[in-house]
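Inspection log for the structure reproduced underneath, given as C-alpha coordinates.
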Amino acid sequence: MSHMEKRFSKLAKRTLLAAFVACVAWAFFAYRSMDATIRNAYAQWWVADMVTLHLEANDESWPNSWDELRDDYETSIKTSGRPWSFEELCQRVVVNWNVDTRELKMVVADGLDFRVIWLRDGTTSHWYSREPNQIISDYLRLKMNDQPADALVPTNIDSSH
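With positions in the sequence shown counted from 1, the corresponding number in the working numbering is that position plus 171.
Listed below in C-alpha coordinates is the structure:
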(Lines of atoms letter the chains of each structure in order from A; the text may use other names.)
(Lines give C-alpha, C1' and ligand atoms only; values in the text may rest on other atoms or scores of the structure.)
Protein backbone atom coordinates (compact mmCIF):
# COMPACT_ATOMS: atom_id res chain seq x y z
CA MET A 172 0.00 0.00 0.00
CA SER A 173 1.44 3.32 -1.00
CA HIS A 174 1.92 6.26 1.34
CA MET A 175 -0.97 8.09 -0.35
CA GLU A 176 -3.31 5.10 0.08
CA LYS A 177 -2.40 4.78 3.79
CA ARG A 178 -3.05 8.47 4.27
CA PHE A 179 -6.42 8.23 2.49
CA SER A 180 -7.36 5.15 4.54
CA LYS A 181 -6.55 6.99 7.79
CA LEU A 182 -8.59 9.99 6.66
CA ALA A 183 -11.54 7.77 5.70
CA LYS A 184 -11.46 6.02 9.10
CA ARG A 185 -11.36 9.35 10.93
CA THR A 186 -14.19 10.70 8.83
CA LEU A 187 -16.32 7.61 9.52
CA LEU A 188 -15.55 7.83 13.24
CA ALA A 189 -16.48 11.53 13.30
CA ALA A 190 -19.71 10.81 11.42
CA PHE A 191 -20.56 8.00 13.85
CA VAL A 192 -19.91 10.21 16.88
CA ALA A 193 -22.00 13.00 15.34
CA CYS A 194 -24.89 10.59 14.69
CA VAL A 195 -24.80 9.24 18.24
CA ALA A 196 -24.68 12.78 19.66
CA TRP A 197 -27.60 13.85 17.45
CA ALA A 198 -29.67 10.80 18.49
CA PHE A 199 -28.96 11.49 22.17
CA PHE A 200 -29.91 15.16 21.77
CA ALA A 201 -33.09 14.27 19.85
CA TYR A 202 -34.13 11.76 22.53
CA ARG A 203 -33.47 14.23 25.38
CA SER A 204 -35.33 16.99 23.57
CA MET A 205 -38.35 14.78 22.82
CA ASP A 206 -38.40 13.43 26.38
CA ALA A 207 -38.29 16.96 27.84
CA THR A 208 -41.06 18.14 25.50
CA ILE A 209 -43.34 15.27 26.47
CA ARG A 210 -42.64 15.62 30.20
CA ASN A 211 -43.21 19.39 30.03
CA ALA A 212 -46.53 18.95 28.25
CA TYR A 213 -47.80 16.49 30.84
CA ALA A 214 -46.43 18.50 33.78
CA GLN A 215 -48.40 21.59 32.77
CA TRP A 216 -51.52 19.50 32.32
CA TRP A 217 -51.13 18.04 35.81
CA VAL A 218 -50.56 21.42 37.43
CA ALA A 219 -53.59 22.93 35.68
CA ASP A 220 -55.70 20.01 36.88
CA MET A 221 -54.32 20.46 40.41
CA VAL A 222 -55.32 24.13 40.29
CA THR A 223 -58.86 23.21 39.17
CA LEU A 224 -59.10 20.72 42.05
CA HIS A 225 -57.97 23.46 44.40
CA LEU A 226 -60.50 25.93 42.99
CA GLU A 227 -63.31 23.40 43.32
CA ALA A 228 -62.39 22.54 46.92
CA ASN A 229 -61.79 26.13 48.06
CA ASP A 230 -64.76 28.16 46.82
CA GLU A 231 -62.82 29.15 43.69
CA SER A 232 -60.04 30.74 45.73
CA TRP A 233 -56.77 30.79 43.76
CA PRO A 234 -53.86 28.97 45.46
CA ASN A 235 -51.20 31.17 47.06
CA SER A 236 -48.29 28.74 46.79
CA TRP A 237 -47.18 25.25 45.89
CA ASP A 238 -47.89 24.24 49.49
CA GLU A 239 -51.58 24.86 48.87
CA LEU A 240 -51.50 22.49 45.88
CA ARG A 241 -49.84 19.61 47.75
CA ASP A 242 -53.17 18.06 48.82
CA ASP A 243 -54.48 18.40 45.26
CA TYR A 244 -51.37 16.56 44.05
CA GLU A 245 -52.17 13.77 46.53
CA THR A 246 -55.75 13.60 45.20
CA SER A 247 -54.44 13.33 41.62
CA ILE A 248 -52.01 10.51 42.38
CA LYS A 249 -54.67 8.47 44.17
CA THR A 250 -56.51 8.04 40.86
CA SER A 251 -53.70 8.32 38.29
CA GLY A 252 -50.60 6.94 39.94
CA ARG A 253 -47.40 8.85 40.56
CA PRO A 254 -45.81 9.75 37.22
CA TRP A 255 -44.35 12.91 38.80
CA SER A 256 -42.87 13.85 42.08
CA PHE A 257 -44.37 17.00 43.51
CA GLU A 258 -40.90 18.53 43.43
CA GLU A 259 -40.50 17.85 39.69
CA LEU A 260 -43.77 19.66 38.96
CA CYS A 261 -42.57 22.62 41.06
CA GLN A 262 -39.29 22.66 39.12
CA ARG A 263 -40.88 22.44 35.66
CA VAL A 264 -43.95 24.66 35.96
CA VAL A 265 -44.53 28.24 37.08
CA VAL A 266 -47.85 29.36 38.54
CA ASN A 267 -48.76 33.01 39.05
CA TRP A 268 -49.82 32.98 42.71
CA ASN A 269 -51.14 36.55 42.56
CA VAL A 270 -54.40 35.88 40.77
CA ASP A 271 -57.84 37.09 41.73
CA THR A 272 -60.26 34.45 40.48
CA ARG A 273 -63.08 37.01 40.17
CA GLU A 274 -60.94 39.09 37.80
CA LEU A 275 -59.94 35.96 35.88
CA LYS A 276 -63.62 35.11 35.43
CA MET A 277 -64.19 38.55 33.91
CA VAL A 278 -61.35 37.90 31.46
CA VAL A 279 -62.94 34.55 30.56
CA ALA A 280 -66.37 36.16 30.17
CA ASP A 281 -64.86 38.70 27.78
CA GLY A 282 -63.36 35.86 25.73
CA LEU A 283 -59.80 37.03 26.33
CA ASP A 284 -56.71 34.91 26.85
CA PHE A 285 -54.56 34.94 29.97
CA ARG A 286 -51.35 33.36 31.20
CA VAL A 287 -51.29 32.08 34.78
CA ILE A 288 -49.43 28.78 34.25
CA TRP A 289 -46.35 28.26 32.08
CA LEU A 290 -43.13 26.28 31.77
CA ARG A 291 -40.09 27.42 33.70
CA ASP A 292 -37.77 26.75 30.74
CA GLY A 293 -39.71 29.17 28.53
CA THR A 294 -40.91 26.56 26.01
CA THR A 295 -44.57 26.30 25.08
CA SER A 296 -45.01 22.54 24.79
CA HIS A 297 -48.50 21.26 25.51
CA TRP A 298 -50.86 18.59 24.26
CA TYR A 299 -53.54 19.54 21.78
CA SER A 300 -56.48 21.05 23.70
CA ARG A 301 -54.60 20.64 27.00
CA GLU A 302 -52.87 24.00 27.18
CA PRO A 303 -52.85 24.77 30.93
CA ASN A 304 -54.40 28.22 30.72
CA GLN A 305 -57.15 26.86 28.49
CA ILE A 306 -57.85 24.15 31.11
CA ILE A 307 -58.31 26.89 33.72
CA SER A 308 -60.44 28.95 31.32
CA ASP A 309 -62.65 25.95 30.52
CA TYR A 310 -63.07 25.22 34.23
CA LEU A 311 -64.09 28.81 35.00
CA ARG A 312 -66.44 28.93 32.01
CA LEU A 313 -68.18 25.75 33.24
CA LYS A 314 -68.50 27.19 36.73
CA MET A 315 -69.93 30.46 35.40
CA ASN A 316 -72.54 28.42 33.49
CA ASP A 317 -73.41 26.40 36.62
CA GLN A 318 -72.28 23.08 35.19
CA PRO A 319 -72.45 20.11 37.58
CA ALA A 320 -69.33 19.24 39.55
CA ASP A 321 -68.84 15.92 37.73
CA ALA A 322 -68.29 17.86 34.50
CA LEU A 323 -65.20 19.32 36.17
CA VAL A 324 -63.25 16.13 36.80
CA PRO A 325 -59.63 16.85 35.87
CA THR A 326 -58.71 15.22 32.61
CA ASN A 327 -55.59 13.49 33.92
CA ILE A 328 -57.68 11.37 36.28
CA ASP A 329 -58.73 7.97 35.02
CA SER A 330 -62.38 7.61 35.99
CA SER A 331 -62.51 3.90 35.12
CA HIS A 332 -61.36 2.91 38.63
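Cβ atoms here follow ideal geometry from the backbone N, Cα and C, with glycine treated the same way.
Since residue i and residue j should fall inside the 8 Å C-beta cutoff, what is the C-beta to C-beta distance between them, to a whole number of angstroms?
i: Met315; j: Lys276; result: 6 Å
i: Phe257; j: Arg273; result: That belief does not hold up - the Cβ atoms of Phe257 and Arg273 are roughly 28 Å apart, past 8 Å.
Measure the alpha-carbon distance for residue i versus residue j and round it to whole angstroms.
i: Asp317; j: Leu311; result: 10 Å
i: Arg301; j: Asp271; result: 22 Å
i: Asn304; j: Gln215; result: 9 Å
i: Val265; j: Ala189; result: 40 Å
i: Leu260; j: Ala212; result: 11 Å
i: Asp243; j: Arg291; result: 21 Å
i: Ser173; j: Thr294; result: 55 Å
i: Ser247; j: Asp281; result: 31 Å
i: Arg185; j: Arg210; result: 37 Å
Three-state secondary structure (DSSP) at residue i?
i: Trp268; result: coil
i: Leu182; result: helix
i: Leu311; result: helix
i: Leu275; result: helix
i: Leu290; result: strand
Answer yes or no: do residue i and residue j have a C-beta to C-beta separation smaller than 8 Å?
i: Thr223; j: Ile306; result: yes
Excluding five sequence neighbours on each side, which residues of the same chain lie with their C-beta closer than 8 Å to the C-beta of residue i?
i: Leu182; result: none
Considering only residues of the same chain and omitting the five flanking positions on each side of residue i, which have a CB-CB separation below 7 Å?
i: Ser236; result: Trp268
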